[in-house]
Amino acid sequence: MIYTKFYAMFSVFVHSASLWFTVNMAVMRYLVLYRGSHSHTRLPPCNSYPAACIAIVIGAVIALIGSLPNMLRYKIELVREMPVPKICLSSKYRSSWTESSTIYKYDLLQPSWWDCHWERINFWMAACVLKLIPCVLLTVFMTLLVRMLIEARERRLRLCGGVAMGNSQAERTTAMLTGIVAVFLVTELPQGILGLAAGVNPRLMFITIPLGNFFDLLSLINSAVNFVLCALMSHVFRREFLQTFSMCCPQSSENHSGAPITKPNKKSLFASLTPLRKAKGFLPVPTNEREERRADDRNQQITRQG
Numbered sequence: 001m002i003y004t005k006f007y008a009m010f011s012v013f014v015h016s017a018s019l020w021f022t023v024n025m026a027v028m029r030y031l032v033l034y035r036g037s038h039s040h041t042r043l044p045p046c047n048s049y050p051a052a053c054i055a056i057v058i059g060a061v062i063a064l065i066g067s068l069p070n071m072l073r074y075k076i077e078l079v080r081e082m083p084v085p086k087i088c089l090s091s092k093y094r095s096s097w098t099e100s101s102t103i104y105k106y107d108l109l110q111p112s113w114w115d116c117h118w119e120r121i122n123f124w125m126a127a128c129v130l131k132l133i134p135c136v137l138l139t140v141f142m143t144l145l146v147r148m149l150i151e152a153r154e155r156r157l158r159l160c161g162g163v164a165m166g167n168s169q170a171e172r173t174t175a176m177l178t179g180i181v182a183v184f185l186v187t188e189l190p191q192g193i194l195g196l197a198a199g200v201n202p203r204l205m206f207i208t209i210p211l212g213n214f215f216d217l218l219s220l221i222n223s224a225v226n227f228v229l230c231a232l233m234s235h236v237f238r239r240e241f242l243q244t245f246s247m248c249c250p251q252s253s254e255n256h257s258g259a260p261i262t263k264p265n266k267k268s269l270f271a272s273l274t275p276l277r278k279a280k281g282f283l284p285v286p287t288n289e290r291e292e293r294r295a296d297d298r299n300q301q302i303t304r305q306g
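Residue numbering for the sequence shown follows the UniProt record's numbering, beginning at 1 and increasing consecutively.
Have a look at this one:
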C-alpha cells in the first residue's frame, strides 16, 4: 500500500513537471531568439545555467502546487482483520501460514476532512494548473516562436536576393515545434477539459474513471513523441543526451550541418552536468553555417573595396 500511494503521488507530480518543463523550453527558446533579434532589449540573458535552473525550479514548484491536493487525497488505514486467503495456503509460501492465522487488510481511504468541496478543488487544480494552462502557454509561445523563425527566413531571403538556400535548420525547427504543439494539444487538452467539467459538475466524475487508463496512454504517447521530436530537432539536444548517459559506449556527436562525428567518450555522468568554463550558457542552434560563412565573406569583400 505504501508503494501504491507513493506511485499515485509521484507519477502525477513527475508527469506534471514534464509538461511545465516543455513549456519552459518554449518560453526560454523564444526569449533567447527575441533577445538576439532586438539589440536594444532590456531582457536579461536567458540562455545561461542560472536561468535554466530557475526555470526548472519554477516548473517543479508549479507542478507540486497543482498536484498537492492529489497528495492529500488518500491515506493508508487499517480496514479489518481477516483470515488468511486460501490462495496463500496453497502457494509456495504456505509454510509461513496456518489455517488459524489472520492478516490485516489495509486500504487507501480518503481522510475524514475530505469532502465534496476538496474533491472539486482537486479537479480544478488538476485541470487548470496541470493541463489547460500549460496547453495555452505552449500554444502561445510556440506560435510566437514559429512566427519569429518565419520572419527570420524572409529576411534571409531578402538578403540573398530571393534565392532559397535549401531546407535550413530554422525550417526543420518550425516543423518540429508545430508537431510538438499538435501532439501536446491532442493528448493533454481533452484531459484538461474533462477535468474542468468534472470540477463544475461532480456527476461527470464517473466519466473520468473509465477513461483513466486511456488518458495514461495518451500521456505516455505525448512524452515519447516529445522526446523523439526534440532529438530530431536539435543536434545540441542529442549531443547533451549522449554526453550525459553514454559513459561506456563511443559517443557520437554532430557538427552544425548534422553530420555525425564519432569520438571516444571521456566524460562521466556527473561531468556532463557541470557547466563548461568557456561556455557561459546554452548556445542557440545556428540556422545555417554555410550562410554565415558566405555573409562573412561578403562583408570582408565590401570592407576591402571600401
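Just so it is clear, CB atoms sit at the ideal spot from N, CA and C, and this is done for glycine as well.
Every value quoted in this text rests on a predicted model; they were computed, and no experiment measured them.
Taking the Cβ atoms as the reference, L108 lies roughly 41 Å from M176, outside the contact range of under 8 Å. Taking I65 as the centre and dropping the five residues before and after it, the same chain places the C-beta of V129 closer than 7 Å to its C-beta, in chain order. Under the Cβ criterion (8 Å, minimum of three pairs), the segment 175-195 does not count as touching the segment 98-105. Taking every protein chain shown into account, the CB of N213 has fewer than 16 other CB atoms within 10 angstroms, so this residue is exposed. Beta-bridge pairing by DSSP links K105 to R80. Listed as beta-bridge partners of K75 by DSSP are L109.
Look at the beta carbons and you see the segment 184-200 touching the segment 126-140: at least three pairs across the two are nearer than 8 Å. Note that the C-beta distance between N24 and A60 is not below 8 Å. DSSP, read as helix, strand or coil, puts S91 in coil. DSSP assignment within the segment 187-240 yields the following whole alpha helix (DSSP H) runs of 4 residues or more, N-terminal first: 205-208, 212-233. A contact between stretches requires three or more CB pairs, one per stretch, nearer than 8 Å, and the segment 68-76 meets this requirement with the segment 4-19. L149 and M205 have their C-alpha atoms roughly 42 Å apart. Cβ-Cβ distances below 8 Å link C116 to P202 in the same chain, with the five nearest sequence neighbours on each side left out; the list follows chain order. Between F123 and G36 a beta carbon distance of about 42 Å is seen, past the 8 Å cut, so the two are scored as non-contacting. With 16 or more other Cβ atoms from the protein chains shown falling within 10 Å of its own Cβ, F141 counts as buried. Between the beta-carbon of A17 and that of A63 there is about 4 Å, and that keeps the pair under the 8 Å contact cut. Excluding residues up to 5 positions away in sequence, nothing lies with its Cβ nearer than 6 Å to the Cβ of K86 in the same chain. Less than 8 Å separates the beta-carbon of K5 from that of Y74. Secondary structure of G161 (DSSP, three-state): coil. Less than 8 Å divides the Cβ of K105 from the Cβ of V79. With at least 16 other beta carbons inside 10 angstroms of its own, V183 counts as buried.
With a contact defined as Cβ atoms closer than 8 Å, L33 and L145 qualify at about 7 Å. Here the alpha carbon of Y3 sits roughly 11 Å from the alpha carbon of I76. The DSSP-derived three-state label of M125 is helix.
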